[in-house]
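Residue numbers (our numbering): 26 to 132.
1. Go through its chain and collect everything with a Cβ distance to residue 127's Cβ below 7 angstroms, but skip five positions before and after it.
2. What does the alpha-carbon distance come out to for the pair residue 57 and residue 119?
3. Tell me whether residue 43 sits in a helix, a strand or coil according to DSSP, three-state version.
4. By Cβ distance below 8 angstroms, which residues in the same chain neighbour residue 115 in space, the five residues on each side in sequence not counted?
5. Leaving aside the five residues before and after residue 51 along the sequence, list all residues of the same chain whose C-beta is less than 7 angstroms from its C-beta, in chain order.
6. Contact defined as beta carbons within less than 8 angstroms: I believe residue 121 pairs with residue 60. What is the distance between those atoms, to the nearest angstrom?
7. With respect to the alpha helix (DSSP H) encompassing residue 38, which residues constitute its N-terminal and C-terminal limits?
8. Contact check, residue 117 vs residue 81 under 8 angstroms by CB: the rounded distance?
9. Does DSSP put residue 26 in a helix, in a strand, or in coil?
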């Protein structure tokens with residue numbers, strides 16, 4: 026896997042985020058309607074992220090997308106929100122990804 030020391034980027038339709046952390050949470054399955062309960066913590070750099078949006082993980086060194094998923098739920102301080110804009114650090118429940126798919130993208 027490529028070097029993620031500068032932070033792996035997550036891109037969507039007009040949104041740019043930086044991946045900070047990832048973990049599995051049973052509440053993501055119960056409340057978020059996700060398949061595997063994966064939650065990622067991201068810093069929103071540009072645009073806004075909304076539920077239902079398709080996002081792509083990419084490593085800055087390669088520039089090519091490496092993983093694609095759909096945002097099932099956006100959370101701020103463990104509460105669901107309709108969207109998150111620049112300057113926010115939020116949790117995103119992913120629809121399909123497994124934690125083992127996300128780990129290589131962490132710093």
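We put the CB at the ideal spot given by N, CA and C, even for glycine.
Quick look at the numbers:
1. 47, 63 and 65, listed in sequence order.
2. In a straight line, the C-alpha of residue 57 is about 8 angstroms away from that of residue 119.
3. If DSSP states are grouped into helix, strand and coil, residue 43 belongs with the strands.
4. Counting only Cβ-Cβ distances below 8 angstroms, and skipping sequence neighbours, we find 66, 67, 69, 74, 99, 100, 101, 106 and 109.
5. If we look at residue 51 and ignore the five residues flanking it on each side, its Cβ neighbours are 62.
6. With a Cβ gap of about 5 angstroms, residue 121 and residue 60 count as contacting.
7. Where residue 38 is concerned, there is no enclosing alpha helix (DSSP H), given that its DSSP letter is neither H nor E.
8. Between residue 81 and residue 117 the Cβ distance is about 13 angstroms, and since that is not below 8 angstroms, they are no contact.
9. Note that residue 26 scores a pLDDT of 43, beneath 50, so its modelled location is shaky and nothing firm can be said.
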